[in-house]
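Reminder that position 495 of the sequence shown reads as 495 in full-length UniProt numbering, one-by-one numbering, no gaps.
Even glycine gets a Cβ: it sits at the ideal position worked out from N, Cα and C.
Since we're looking at a predicted model, the values are computed, not measured.
Report on one structure; see the data block that follows.
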Amino acid sequence: MLRLTEIKLPLDHADDALRDAAAARLGVPPGEVLDITVFRRGHDARRRGAIALIYTLDVALRDEAAVLARLEGHRQVSVTPETRYRLPPAPAVPPRHRPVVIGAGPCGLFAMLILAQMGLRPILIERGQVVRQRTQDTWGLWRRSVLTPESNVQFGEGGAGTFSDGKLWSGIGDSANRIRKVLEEFVRAGAPEEILYVSKPHIGTFRLVSMVEHMRATIEALGGEYRFGTRVEGIETDAGRRLRGLHLSDGSFLEADHAVLAVGHSARDTFEMLHDRGVYMEAKPFSIGVRIEHPQGLIDRCRFGPQAGHPILGAADYKLVHHCRTPEAEGRAVYSFCMCPGGTVVAAASEPGRLVTNGMSQYSRNERNANAGIVVSITPERDYPGSPLAGIALQRELEERAFIAGGGDYRAPAQRVGDFLAGRPSTALGSVVPSYRPGVTPTDLALCLPAFAVAAIREALPAFDRQIKGFAMADAVMTGVETRTSSPLRIKRDETGQSLNTPGLFPAGEGAGYAGGILSAGVDGIRAAEAVAASLSALAPAG
Ligand code: FAD
């Protein structure tokens, strides 16, 4: 097959326009084109009223060799590369202990799947509940203000991304086809086929729940085992600091010499335990801020002009960055984070007495508001020096301030943008109705954030308004606080994928500081499984 890139067609092109465009690019009659697969579809919205679709196509021809010879060196025509993921070879000798995966987020699930597909019968330890029960527990917070600390938006089967927009794009490369593997396994588990080719795929929260169940059935059928409601509370190492096993919350000890640590960015107690046990870790930068809501129609009109509402385009998104210059915020970057078109702001707390926001949406993305984090970058050197755990202390402090400002019952503190920019508390909200449940308390968000972050966001909003007219509209609503943009620390690993000073422990995913988002966490889970397999093969006795 031949791969053709940058094929540009109008938004409402006819079905056979793809064949005609491919034939024209290749200089052959349309009848020579036997088959066409869309590998990627994006859009170019730079020309108002003339949004174009941009395709990458894989094309089968009657005489591929002749066309290729004629077009040799053409920038937009090449042989279709291999996209299949190849499982690493399984160790020749069965391991002494079954490999263990800690955490059932995307990282842990893909580590499990690969290890199970290699026949290694991995064991998954997950502190939270099976996804249906977890959904009930999560609704408990959203509907009744009851937080279940071990089963919530952060903890439980599916991990942090289960109640999300399910955005599936990432800036990471894919030379080993791991991204393709994640997307294909998601489709096998029930995701829409289009995630394989649209440039910014998303799944929405509803489907994610059943996909996670489907993946469990696959993993169990391959001999994998799940233990829910079980937290890893301690690790045991030998004299050389090599992992020997795990202490579990049910009081048992699980012998293990290979464990993928995929605990996500909210496993603060687990980070503390690992730090106490001497596992090497470092503080790393992350970001803090608020979530902002606008009418989705405002974003659509600004991005798509007269073509707003076209079904192929869906609800518009945005990505904004501003580099601050005012003295209080100098050197800070403010950017939009985890933008959820047509979605809702969600209560994402996992610790009692602390409050944190995030965003989610359904596949249809047809709620009335657009929301995104508006966050300020912070660094250990400047903002939380000292201990690798100092970023967690800062997160906790801000989340406590938000809990108190919201009224102490998991309502979130909220403020109109007009009031925030004028430096006065909100006493009521306006035309934009906040979507956060169990509700919001109009107040002053400056109570919840450091002064530099308030100054930085105050400077950034008018700058964003110059890119999206209306972004700083007085009635846009901000809800606080956003503190879990990524892990505040990194559990460093060496080139074999193992902890720098605790071999046998394979830190992976977002919590260990090696991923940011569902897709990259899944890819890192695959990488971790490959590293486990390589280590098991190296340890297996020769002959
Ligand atoms: P996690 O998904 O956090 O999973 C870690 C798991 O480990 C959890 O299930 C936890 O219960 C378990 N665990 C923790 N400690 C222990 C322990 N001691 N013992 C046993 N189990 C333990 N990303 C996107 O790409 N697109 C989005 O649209 C998106 N939206 C989001 C919306 C929300 C509301 C949230 C909270 C996150 C969103 N994210 C999104 C981020 C994404 O969810 C994470 O990047 C991703 O889930 C990280 O995967 P992970 O497997 O590394 O960790």
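Count the C-beta pairs between the segment 493-511 and the segment 246-262 that are closer than 8 Å, then say yes if the count reaches three, no if not. yes
Residues in its own chain within less than 6 Å of Tyr226 by CB, not counting five upstream and five downstream? Leu124
Using a threshold of 8 Å, state whether the C-beta atoms of Met273 and Glu233 are closer than that. In contact: Met273 and Glu233 (Cβ atoms closer than 8 Å).
Coil, strand or helix - His43 by DSSP: strand
Considering only the alpha carbon of each residue, which of Arg207, Glu220, Leu11 and Leu61 lies closest to Tyr363? Arg207
Taking 7 Å as the cut-off, is the CB of His265 close to at least one heavy atom of ligand 1? True, at least one ligand heavy atom lies under 7 Å from that Cβ.
Would Ala456 and Val334 be called neighbours here (beta carbons separated by less than 8 Å)? yes
Using CA atoms only, rank isn't needed, just tell me which of Arg178, Ile102 and Thr83 is closest to Phe228. Ile102
On the DSSP bridge list, what partners appear for Ser336? Answer by DSSP bridge pairing, in chain order: Ile374.
How many whole angstroms separate the CB atoms of Ala521 and Pro106, which I take to be in contact at a CB cut-off of 8 Å? 4 Å
Given 7 Å as the limit, tell me if Pro106 has its C-beta closer than that to any heavy atom belonging to ligand 1. Within the cutoff, so yes.
Quick check on the DSSP output: what are the complete beta strand (DSSP E) runs of length 3 or more inside the segment 214-261, in order along the chain? 225-227, 232-237, 243-248, 253-255 and 259-261
Same chain, Cβ closer than 8 Å to Val346, five either side skipped, listed in chain order: Trp142, Val153, Phe163, Thr357, Asn358, Gly359, Met360, Tyr436 and Arg437
At a threshold of 7 Å, does Gly287 count as lining ligand 1 (C-beta to nearest heavy atom)? As written in the sequence, residue 287 is Ser, which differs from the Gly given in the question. No, ligand 1 has no heavy atom inside 7 Å of this Cβ.
Whole-angstrom Cβ separation of Arg134 and Asp58, contact assumed at under 8 Å? Actually they are not in contact, since the Cβ atoms of Arg134 and Asp58 sit about 39 Å apart, beyond 8 Å.
Looking at His97: is its Cβ nearer than 8 Å to the Cβ of Glu255? yes
Excluding sequence positions up to five away, which residues of its chain have a Cβ less than 6 Å from the Cβ of Gly166? His202, Ile203, Gly204 and Leu208
Endpoints, the alpha helix (DSSP H) within which Ile526 is located: Ile518 to Leu539
What residues in its chain sit with their C-beta under 6 Å from that of Ser145, if we drop five residues either side in the sequence? Asp409, Tyr410 and Pro438
Contact belief for Asp475 with Arg416 at Cβ below 8 Å, rounded distance in angstroms: 6 Å
The beta strand (DSSP E) that contains Ile54, what's its start and end? Ala52 to Leu61
If we ignore side chains and look at the alpha-carbon of each, how far apart do Ile114 and Glu530 end up? Whole-angstrom Cα-Cα distance: 8 Å.
Nearest-angstrom beta carbon gap, Ser170 and Gly517 [assumed within contact, 8 Å]: 6 Å
If you measure between the beta carbons of Ile54 and Lys8, is that distance less than 8 Å? yes
Ligand 1 heavy atom lying under 7 Å from the CB of Thr270: yes
Given that a residue counts as buried once 16 or more other Cβ atoms are within 10 Å of its Cβ, and exposed if not, what is Gly543? Note that Gly543 scores a pLDDT of 48, beneath 50, so its modelled location is shaky and nothing firm can be said.
Can you name, in chain order, every residue of its own chain whose Cβ lies under 6 Å from the Cβ of Asp238, other than the five neighbours on each side? Arg244
Classify Pro503 as helix, strand or coil using the three-state DSSP reduction. coil
Quick check: is the beta carbon of Ala60 nearer than 8 Å to any beta carbon in chain D? No chain D appears in the structure shown, which is made up of a single protein chain.
At 4 residues or longer, what runs of the alpha helix (DSSP H) sit wholly inside the segment 339-426? 380-383, 390-405 and 417-422
Taking 7 Å as the cut-off, is the CB of Val131 close to at least one heavy atom of ligand 1? It does not: the Cβ of Val131 is nowhere closer than 7 Å to a heavy atom of ligand 1.
In chain order, what residues of the same chain have a beta carbon less than 7 Å from the beta carbon of Asp444, not counting five sequence neighbours either side? Gln415 and Pro425
What does a CB cutoff of less than 7 Å around Val131 pick up in its chain, not counting 5 residues either side in sequence? Gly156, Glu157, Gly158, Thr162, Val209, Val212 and Glu213
Between which residues of its own chain and Val38 is the CB-CB distance below 7 Å, once the five residues before and five after are set aside? Tyr55, Leu57 and Tyr197
Does at least one heavy atom of ligand 1 sit under 7 Å from the Cβ of Glu293? Glu293 Cβ: outside cutoff for every heavy atom of ligand 1.
Contact under 8 Å by Cβ, residue 544 with His43: Since the first residue shown for the chain is 1 and the last is 543, residue 544 is missing from the structure and cannot be characterised.
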